[in-house]
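Participant:
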Amino acid sequence: MRFISTSLATSAAALIALPAMVACGATVATGIDAGGSPQTMTTSTSSTTVTPTVAAAHGGAGGPAKVLTYGAHGREVRLPVKANALPGAPAGFVHGLRAALTKEWARIGGEAGCREVPVETVMKVSAAGFAFTAANDDPSRAHGSKCKDVGGGVNEYWSVVHGTWKPVIAAQDTPGCAQLKQYSFPSAVAGDKCFDGTKVVAYSHA
Numbered sequence: 357m358r359f360i361s362t363s364l365a366t367s368a369a370a371l372i373a374l375p376a377m378v379a380c381g382a383t384v385a386t387g388i389d390a391g392g393s394p395q396t397m398t399t400s401t402s403s404t405t406v407t408p409t410v411a412a413a414h415g416g417a418g419g420p421a422k423v424l425t426y427g428a429h430g431r432e433v434r435l436p437v438k439a440n441a442l443p444g445a446p447a448g449f450v451h452g453l454r455a456a457l458t459k460e461w462a463r464i465g466g467e468a469g470c471r472e473v474p475v476e477t478v479m480k481v482s483a484a485g486f487a488f489t490a491a492n493d494d495p496s497r498a499h500g501s502k503c504k505d506v507g508g509g510v511n512e513y514w515s516v517v518h519g520t521w522k523p524v525i526a527a528q529d530t531p532g533c534a535q536l537k538q539y540s541f542p543s544a545v546a547g548d549k550c551f552d553g554t555k556v557v558a559y560s561h562a
């Protein structure tokens with residue numbers, strides 16, 4: 357089971373359309389450098405091909421940035437990195453996914469048979485430097501190995517911190533409004549609801 361340091365700004369509400377979530381708080385980093393131009397690099401995934409659809413999020417003076425949506429259920433990304441598994445995603449984001457998956461693989465024991473247990477399900481990615489994923493462990497991919505502390509997961513909201521893509525908010529439930537506003541998350545990526553400390557409210561950010 358993954359554990360993430362908590363922030364007082366994170367509270368509970370409803371799950372964001374993803375199963376097997378475990379209670380978790382939020383981690384917020386500081387210093388954001390939104391970037392990441394679209395390129396094609398990928399990691400391994402299931403055999404099902406998911407073609408991303410394109411919408412728009414804020415992109416500064418250059419106009420709206422593309423938001424890629426990887427189907428209704430997202431696209432699974434696992435170790436090792438392979439070509440063409442995440443079409444259109446910024447290369448920096450894929451590097452960030454690889455780092456996160458490698459870290460989780462090491463946490464659950466680092467055995468060869470556990471390599472494909474950690475999974476990031478990519479839901480949305482914006483060229484403006486934002487993404488929404490679900491991180492969890494899939495024990496069905498353990499291949500007979502005894503991977504440590506496997507189970508559950510969290511929803512992750514990614515941004516670019518000092519030039520590096522990282523999950524800056526992690527929550528089982530509806531993300532905190534203050535956190536989304538801190539990073540200027542576009543609602544095209546983060547969704548249209550947030551938790552204001554007492555209740556779930558509408559969230560809108562172009």
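In our numbering, the protein residues as written are 357 to 562. Don't be surprised by glycine CBs; every beta carbon is placed ideally from N, CA and C.
My understanding is that P542 touches F486, with C-beta atoms under 8 angstroms, so please give their C-beta distance in whole angstroms.
Facilitator: The Cβ separation is near 6 angstroms, so the contact holds.
Participant: Hey, W514 and G448 are a contact pair by Cβ (cut 8 angstroms); roughly how many whole angstroms apart?
Facilitator: About 10 angstroms separates the two Cβ atoms, so there is no contact after all.
Participant: Just checking my contact of V481 with E432 at CB under 8 angstroms: how many whole Å lie between their CB atoms?
Facilitator: That pair is no contact at about 14 angstroms.
Participant: The alpha helix (DSSP H) with C503 in it runs from where to where?
Facilitator: Neither: C503 is in no alpha helix (DSSP H) and is coded neither H nor E.
Participant: Helix, strand or coil for L435? Go by DSSP, reduced to three states.
Facilitator: Note: L435 maps to coil in three-state DSSP.
Participant: Can we say the stretch 457-471 touches the stretch 523-539, given the rule of at least three CB pairs closer than 8 angstroms?
Facilitator: No, the stretch 457-471 is not in contact with the stretch 523-539.
Participant: Taking a contact to mean a Cβ-Cβ separation below 9 angstroms, would you say L435 touches L457 in this structure?
Facilitator: Taking 9 angstroms as the Cβ cut-off, L435 and L457 qualify as a contacting pair.
Participant: From this set, D494, Y426, E512, which residue's C-alpha is nearest D505's C-alpha?
Facilitator: Taking only the C-alpha atoms, the option nearest D505 is D494.
Participant: Give the C-beta separation of C533 and V557 to the nearest angstrom, bearing in mind that I take them to be a contact with Cβ-Cβ under 8 angstroms.
Facilitator: Going by Cβ atoms, the distance from C533 to V557 rounds to 7 angstroms, so yes, they are a contact pair.
Participant: Return the first residue and the last residue of the beta strand (DSSP E) that T311 is part of.
Facilitator: Lying before the first or after the last residue shown, residue 311 is absent from the chain, which here runs from 357 to 562.
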